[in-house]
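Protein chains: 2
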Amino acid sequence: MNIKDVADRSGLPAKTIRYYEEIGLIRPLRAANGYRSFRESDLHKLTFLSRARSLGFSIEDCRTLLALYEDRARASADVKAVANAHLARIAEKIAELRAMEAALRHLVGACAGDARPDCPILAGLETGLPQTGQTGSGGTR
Amino acid sequence: MNIKDVADRSGLPAKTIRYYEEIGLIRPLRAANGYRSFRESDLHKLTFLSRARSLGFSIEDCRTLLALYEDRARASADVKAVANAHLARIAEKIAELRAMEAALRHLVGACAGDARPDCPILAGLETGLPQTGQTGSGGTR
DNA sequence: CTTGACCTTCCCGTGACTGGAAGCCCTATA
DNA sequence: TATAGGGCTTCCAGTCACGGGAAGGTCAAG
C-alpha cells in the first residue's frame, strides 16, 4: 500500500503518517522507487494510533501503548496504568476549564452588554477575579 | 520599575513580559542604560493580561480586551461578545474532554488490570472504540 | 509525449511561551 | 580599586503535533 491508501483507511493525513515515521512510531518498508510501502501491520498500527490520539493520549503515551500492543507478554495492568494516568489528566483539565467557565460566566452575567462603557468583565479583569461577586447593589468603585 | 518588579507584582514571568512587549501588547519606556522602565499603567495592563490569560483568553482576545479596556468610549456589549465567544469555546472543549473521558473510562472499567495480556483497552483501540462493549463472553481474539 | 495524480524531501509557521548562552550594568563589599 | 553577585539586555533554539507549500521525481492513462 502507498501512503494515500493507509491515510484513507486509517483516517490519518499523509503528513501525519510521515511524521509518525520520522519520530519512530512506524517503520514502513520502501519500494524501489523510494515510495513508502505499508504492510497490513503498519495499517493496524496507524489505526491504533489514530484512535489513541482521538482519546487525547500524547504521542509519548501512544509510543508506550503501541509497545504494549505489540508485546504479547504484556500485563494488562500496565495498559490500565497508562489509561488511568491519562484519565486523571483529563479530569484535571476539565476541572480547570470548569473553573474558568464559572468565573467567566459570573462576570458575563453581571455585564449589561449595552452601548455604555461600564463593564464588570473588564472590572473583574482589572481588580482580581471572582471574589464571589456581590459587588453590592451600591457597588463600591 | 524594572522588569523584576512588575514581574513580581503582576505574577507574570519576566520572560513573558518581554514576549508581550515583542508582540506589541505593552510598550514600556526605556531608561538610559537600555533597561525597560515600566509605568503604573504598564503594571495595570500586565495584571489585566495575567488575569485574562488565566481565564483562558487567547493572546489575540487579550489584545482586543486590552484595547477595549483602554477605550473609555467602548460599549460593554463588545466586551461581552468576546467573553461569550470564549465561553462557547470553553464549553466545546469541556464537551470534547468529557467524551474522551467517558470512552476511556468505559474501556478502563472493562480492563482487569492484572498480569494477563488480555486487555479491552488495547482491543478497543484496535477495533474502533466504544461500541457499547459487549465483546461477547466467548471473546473473539 | 503530455497530463495529472501521486510520491519524495525540506523548510517554515503555528501558540505562547521557556531555557540558555553571551555579554552589559549596577551595587556592595574587601 | 577589584571583584563578586545579581539583574538586565538580545538572540537563538526548543516545545507539541502537526499543516502548508515549494521543488522535483514517478507512474498510469490517453
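Going down the list, the protein sequences come from chains A and B. Okay, so the first sequence: first residue is 49 according to the working numbering, each after it adds one. Okay, so the second sequence: first residue is 49 according to the working numbering, each after it adds one. Don't be surprised by glycine CBs; every beta carbon is placed ideally from N, CA and C.
Buried or exposed for residue 82 (chain A), please, with buried defined as at least 16 other CB atoms from any protein chain shown within 10 angstroms of its CB.
Start at 1 with the first residue of the first sequence, and residue 82 (chain A) comes out as number 34. Label assigned to residue 82 (chain A): exposed.
Bridge partner(s) assigned by DSSP for residue 85 (chain B)
Counting from 1 along the second sequence, the entry for residue 85 (chain B) is found at position 37. Here residue 85 (chain B) is bridged, per DSSP, to B:77.
I want to see whether chain A comes within less than 8 angstroms of residue 61 (chain B), judged by CB atoms only; does it?
Here residue 61 (chain B) is taken as the residue at index 13 of the second sequence, counted from 1. No - not a single Cβ of chain A is within 8 angstroms of the one on residue 61 (chain B).
Are the C-beta of residue 146 (chain A) and some C-beta of chain B separated by less than 8 angstroms?
Numbered from its first residue, the first sequence carries residue 146 (chain A) at position 98. With 8 angstroms as the cut-off, residue 146 (chain A) counts as an interface residue toward chain B.
Which of the three DSSP states is assigned to residue 120 (chain A) in this structure?
In the first sequence, counting from the first residue as 1, residue 120 (chain A) sits at position 72. It is coil, neither helix nor strand.
Can at least three beta-carbon pairs, one atom from the stretch 116-127 of chain B and one from the stretch 154-174 of chain A, be found at a separation below 8 angstroms?
With a cut-off of 8 angstroms, the stretch 154-174 of chain A and the stretch 116-127 of chain B count as touching, because enough Cβ pairs lie within range.
Three-state secondary structure (DSSP) at residue 170 (chain A)?
The residue given as residue 170 (chain A) occupies position 122 in the first sequence. Helix, per DSSP.
Backbone secondary structure at residue 106 (chain A) - three-state DSSP:
The residue you call residue 106 (chain A) lines up with position 58 of the first sequence. Coil, per DSSP.
Contacts that residue 153 (chain A) makes with chain B (C-beta to C-beta distance below 7 angstroms):
The residue labelled residue 153 (chain A) in the question sits at position 105 within the first sequence. Simply 135.
Is it buried or exposed, residue 104 (chain A), if we count other Cβ atoms within 10 angstroms and call 16 or more buried?
Residue mapping note: residue 104 (chain A) aligns to position 56 of the first sequence, counting from 1. So residue 104 (chain A) ends up on the buried side.
Host alpha helix (DSSP H) of residue 57 (chain A) (start-end):
Walking along the first sequence from the start, residue 57 (chain A) turns up at place 9. 51-58 is the extent of the alpha helix (DSSP H) around residue 57 (chain A).
Strictly below 7 angstroms CB to CB, what residues from chain B border residue 104 (chain A)?
The residue you call residue 104 (chain A) lines up with position 56 of the first sequence. Ordered by position in chain B, the residues that pass the 7 angstroms Cβ test against residue 104 (chain A) are 148.
What did DSSP end up calling residue 162 (chain B) once you bin it into helix, strand or coil?
Residue numbering aside, residue 162 (chain B) sits at position 114 when the second sequence is read from its first letter. Reduced to three states, the DSSP call for residue 162 (chain B) is coil.
From the DSSP output, in three-state form, read off residue 138 (chain B) for me.
As a position in the second sequence, residue 138 (chain B) is number 90, starting the count at 1. Correct three-state label for residue 138 (chain B): helix.
Start-to-end residues for the alpha helix (DSSP H) that takes in residue 71 (chain A):
Against the first sequence, residue 71 (chain A) aligns to sequence position 23. For residue 71 (chain A), there is no enclosing alpha helix (DSSP H), as DSSP marks it with neither H nor E.
Ordered along the chain, which non-local residues of its own chain (more than five positions away) have a Cβ less than 8 angstroms from that of residue 208 (chain A)?
Given a span of 49 to 189 for chain A in the structure shown, any question on residue 208 (chain A) remains unanswerable.
Is the Cβ of residue 53 (chain B) closer than 8 angstroms to any Cβ of chain A?
The count along the second sequence starts at 1 and reaches residue 53 (chain B) at position 5. With 8 angstroms as the cut-off, residue 53 (chain B) does not count as an interface residue toward chain A.
Less than 8 angstroms between the C-beta atoms of residue 135 (chain A) and residue 170 (chain B), yes or no?
As a first step, residue 135 (chain A) must be located in the first sequence, where it is residue number 87. As a first step, residue 170 (chain B) must be located in the second sequence, where it is residue number 122. Not a contact, by the Cβ cut-off of 8 angstroms.
With 16 other Cβ atoms within 10 Å as the buried cut-off, status of residue 76 (chain A):
Within the first sequence, residue 76 (chain A) is the residue found at index 28, counting from 1. Counting Cβ neighbours within 10 Å, residue 76 (chain A) comes out buried, since at least 16 surround it.
Closer than 8 angstroms, CB to CB, is residue 111 (chain A) near chain B or not?
Start at 1 with the first residue of the first sequence, and residue 111 (chain A) comes out as number 63. Not closer than 8 angstroms to any Cβ of chain B, the Cβ of residue 111 (chain A) fails to qualify, so no.
Closer than 7 angstroms by beta-carbon distance: list the chain B residues that pair up with residue 91 (chain A), in chain order.
Translated into positions along the first sequence, residue 91 (chain A) becomes position 43. Residues of chain B with a Cβ closer than 7 angstroms to the Cβ of residue 91 (chain A) do not exist; the shortest Cβ-Cβ separation is about 11 angstroms.
Nearest CA to the CA of residue 114 (chain A): which residue from B:156, B:74, B:143 and B:173?
Position 66 of the first sequence, counted from the first residue, corresponds to residue 114 (chain A). Of B:156, B:74, B:143 and B:173, the smallest CA-CA separation from residue 114 (chain A) is found for B:173.
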